[in-house]
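Numbering (my numbering), first residue to last: 695 to 986.
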């Protein structure tokens, strides 16, 4: 089967056919304290991604310890917030300035090869064949019976290469079936991670996080367009504009360096946790977040 995996990755669990223990007894979305036995001890059920925790602790060094980790579909996806960063302050920033949200807990896949598009078409009812290089699309992956399996952002980076960020931190459940049907496609558990900035100043903040030569390209992005850039530290990244956010995708070291820079811009952008994100999704008037 044409799947490459990292050690202890979600793809490895899926490939081996093992059941996530959380799927049996625990709710799909909940909060746990940092010292919970689910994430610590000799045999934790949950193993947060190292880069995710690195960013959470980077923010904690400035704003105090986080007060809980959010779990979605058996994966740690972020922190609820930090002790010295009131939710009200985050709310004010994301509505009047800009708020930065950690997204490193999601699963990032690279789908490539002559049958890459066939694999994606097998997983979603959305027509991705018209997606041009450098463009992105929000997508729902569905089960064979038509129910929602996973939501994702699909970015076409080359003719036969796509990057996919799965919002629930897990690959589509029928990915291996698709690869059996289309063996000339390859899926790897990508090392790419991302973050996103929301709020009225999101474009201006993102522009200033890349080098001067690339700022005009960021300014020119329309919704669901992407551009390759270099950060002020000289790292290669991809900036993606969605309807309500500006996303930066890159290698963990590059994204960590950008977070360090953002923490030195407290008058313009503030880290935001999942407590605030839940509220923002309810209040947002630019897009409908539907709960089923």
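Quick reminder that beta carbons are idealized off the backbone N, C-alpha and C, glycines included. The model shown is predicted, which means the values in this text are computed figures rather than measured ones.
Range of the contiguous alpha helix (DSSP H) that encloses residue i
i           : result
residue 763 : No alpha helix (DSSP H) contains residue 763, which is instead part of the beta strand (DSSP E) from 763–766.
residue 971 : 968–977
CB of residue i within 9 Å of CB of residue j, strictly
i           : j           : result
residue 818 : residue 764 : no
residue 970 : residue 788 : yes
residue 864 : residue 844 : yes
residue 907 : residue 924 : yes
residue 771 : residue 862 : yes
residue 968 : residue 755 : no
residue 790 : residue 936 : no
residue 973 : residue 781 : yes
residue 872 : residue 816 : yes
residue 964 : residue 882 : no
residue 929 : residue 910 : no
Continuous beta strand (DSSP E) stretch holding residue i: start and end
i           : result
residue 852 : 842–852
residue 859 : 855–860
residue 839 : Residue 839 -> no beta strand (DSSP E), and no H or E assigned at all.
Anticipated Cβ contact below 8 Å, residue i with residue j, distance rounded
i           : j           : result
residue 885 : residue 945 : 6 Å
residue 956 : residue 794 : 6 Å
residue 824 : residue 854 : Between residue 854 and residue 824 the Cβ distance is about 15 Å, and since that is not below 8 Å, they are no contact.
residue 837 : residue 868 : 7 Å
residue 959 : residue 900 : Between residue 900 and residue 959 the Cβ distance is about 12 Å, and since that is not below 8 Å, they are no contact.
residue 760 : residue 749 : Going by Cβ atoms, the distance from residue 760 to residue 749 rounds to 11 Å, so no, they are not a contact pair.
residue 835 : residue 866 : 4 Å
Strand pairing of residue i, partner residues [DSSP]
i           : result
residue 830 : 849
I'd like the ranges of any beta strand (DSSP E) spanning at least 3 consecutive residues and lying wholly in the segment 737–819. With a minimum length of 3 residues, the continuous beta strand (DSSP E) runs that stay inside the segment 737–819 are 763–766, 769–773, 793–796 and 801–806.
Threshold first: 4 residues or longer. Then list the alpha helix (DSSP H) segments lying entirely within the segment 924–967, N to C. Entirely contained in the segment 924–967, the alpha helix (DSSP H) runs reaching 4 residues are, in chain order, 946–956.
Fully enclosed by the segment 867–926, which beta strand (DSSP E) runs are 3 residues long or longer? Runs of the beta strand (DSSP E) inside the segment 867–926: 880–883, 887–892 and 920–924.
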